[in-house]
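Novice:
Residue numbers (the working numbering): -19 to 229.
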């Protein structure tokens, strides 16, 4: 087993059609060693992969894709992996699980959305974790930027595997600079709609201070990732498979 963590740059896949696709492998484990590479990939939405990108994913043994977006997002910006031969593609929406009356009053407070997702999207996270656990090959999960919904699912997976909180936060923050081109495009779109740039930019960060309250909420309210998933009905065998896939143990 590999025991030395690769650099952050080594974890990013060389894809021309995405900004933020990276391997969950190579992260330090509390019990020693690192998470196994080539098992789970987190990503922004794969809208426009070229032939070389597809070949790279095939070379890495991709068999399963979990799209965490809402149905209207799939219609507006369909993933180029959906319906592709040899891939099992699943839609597991997260934001749509937030009950209307429980949606954050401040629509630009992304951390409040993280807390609401943890409180109301537990069944969706269990379904996503189960699909990933049962994947016969490598699996990729994504939302739009690979930041919020993807970041929460990555948090749950990595904590179940035994990655320390500090490394989970560090991995989350890697997204911030990677999505600069997307961030600028979204900010420009918001300005055209009359939304203040400074206000909308609050939704687009990926800094530690944005995810840390969600981790505190996960621990303080639910007792951590494993207890959270158990509360929402995950099978013990599913948790065991996730640990084995990510640690080799």
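The C-beta atom is built at its ideal place from N, Cα and C for all residues, glycine as well.
Should residue 48 and residue 129 be called a contact, given that it needs their Cβ atoms to be closer than 8 Å?
Specialist: Yes, the Cβ-Cβ distance between residue 48 and residue 129 is below 8 Å.
Novice: Are there 16 or more other CB atoms within 10 angstroms of the CB of residue 119, so buried, or fewer, so exposed?
Specialist: Label assigned to residue 119: buried.
Novice: Does DSSP put residue 67 in a helix, in a strand, or in coil?
Specialist: In this structure, residue 67 counts as coil in the three-state DSSP scheme.
Novice: Checking 8 Å against the spacing of the C-beta atoms, do residue 24 and residue -2 come in under that value?
Specialist: The answer is yes: Cβ separation under 8 Å.
Novice: Take residue 4 as the anchor and find which of -6, 34 and 18 has the nearest alpha-carbon.
Specialist: For residue 4, the nearest C-alpha among the options comes from 18.
Novice: Quick test of the definition: if touching needs 3 or more C-beta pairs under 8 Å, does the stretch 106 to 116 touch the stretch 164 to 176?
Specialist: Cβ pair count under 8 Å is below three, so no.
Novice: Going by CA-CA distance only, name the one from 123, 105 and 142 that's closest to residue 227.
Specialist: Among 123, 105 and 142, the Cα nearest to that of residue 227 is on 142.
Novice: Does the distance from the CB of residue 183 to the CB of residue 109 come in under 8 Å?
Specialist: Cβ atoms of residue 183 and residue 109: not closer than 8 Å.
Novice: Check the C-beta distance from residue 155 over to residue 30 and give it rounded, since I have them as a contact under 8 Å.
Specialist: Not really, about 22 Å apart at Cβ, beyond 8 Å.
Novice: By alpha-carbon positions, which one of -8, 105, 39 and 131 ends up nearest to residue 213?
Specialist: Selected option, being the one with the closest Cα: 105.
Novice: Leaving aside the five residues before and after residue 198 along the sequence, list all residues of the same chain whose C-beta is less than 7 Å from its C-beta, in chain order.
Specialist: Once the five neighbours on either side are set aside, the close Cβ partners of residue 198 are 98, 204, 205 and 208.
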